[in-house]
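Participant: Right, I'll just put the structure down here and ask away after.
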Amino acid sequence: MKMKGPFLPSKQLLVFNGAYVLIAVVRSLHSAADFSGINLQSISFSCTGKYVATGGFYFRHAHPDVQIDLSDLDNLTLQEYDRLCGVERRYFTVREMAHKRQAYDQRRKEFRKFCKQRDLEEKKNEK
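Numbering (this note's numbering), first residue to last: 298 to 424.
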């Protein structure tokens, strides 16, 4: 494949929930970040195995030798997919992931509240 610029072609990503079930197939890392609201670098680290999971989701790059069909949504498990790819990875328990997801959502909510207050204060100071 001949490249016409400095960028690599995007890689398709698989998104698994905390219960290890495939919930989405997205076209790129940026699409996954838009879909989940999670930092690009965290998703990338989760795909490569540096992180176990991020934001309450497991992310994987689509393996070229493994065919994913529409029927695999809600049926394919993370362990099954990793076994098909020949990869050995660590997993959190479902309970741990539920707690991580809850903590992540709480931090995001607090951050949004902080940003909203800061914006209101800036508008107030401008007047």
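Using N, Cα and C, we set each Cβ at its ideal position, and we do this for glycine too. As the structure is a prediction and not an experimental result, all values here were calculated from the model.
(1) Mind checking whether the beta-carbon of ASP379 lies closer than 8 Å to any heavy atom of the ligand FAD?
(2) So SER339 and GLY352 are supposed to be a Cβ contact under 8 Å. How far apart are they, rounded?
(3) Closest to ASP362 by CA distance: which of ASN336, ASP379, PHE411 is it?
(4) So, does the segment 390-407 touch the segment 306-316, judging by three or more C-beta pairs under 8 Å?
(5) Hey, which unbroken runs of the beta strand (DSSP E) at 3 residues or more fall wholly within the segment 348-380?
(6) Where DSSP assigns a beta bridge to LEU310, which residues make up the other side?
(7) Name the residue from VAL349, LEU326, LYS308, GLU423 whose alpha carbon lies nearest to the alpha carbon of LEU337.
(8) In chain order, what residues of the same chain have a beta carbon less than 8 Å from the beta carbon of ASP371, not counting five sequence neighbours either side?
(9) What do you get for PHE354, buried or exposed, if any count of 16 or more other CB atoms within 10 angstroms of its CB means buried?
(10) For CYS382, collect the residues of the same chain with a Cβ closer than 7 Å to its Cβ; drop the 5 residues on either side in sequence, then sort them by chain order.
Facilitator: This is what the structure gives:
(1) This structure simply doesn't include the ligand FAD, nor any ligand for that matter.
(2) The Cβ separation is near 7 Å, so the contact holds.
(3) ASP379
(4) yes
(5) 355-358
(6) VAL323, HIS358
(7) LEU326
(8) VAL318, LEU319, ILE320
(9) buried
(10) So the list reads HIS360, VAL363, once near-sequence residues are dropped.
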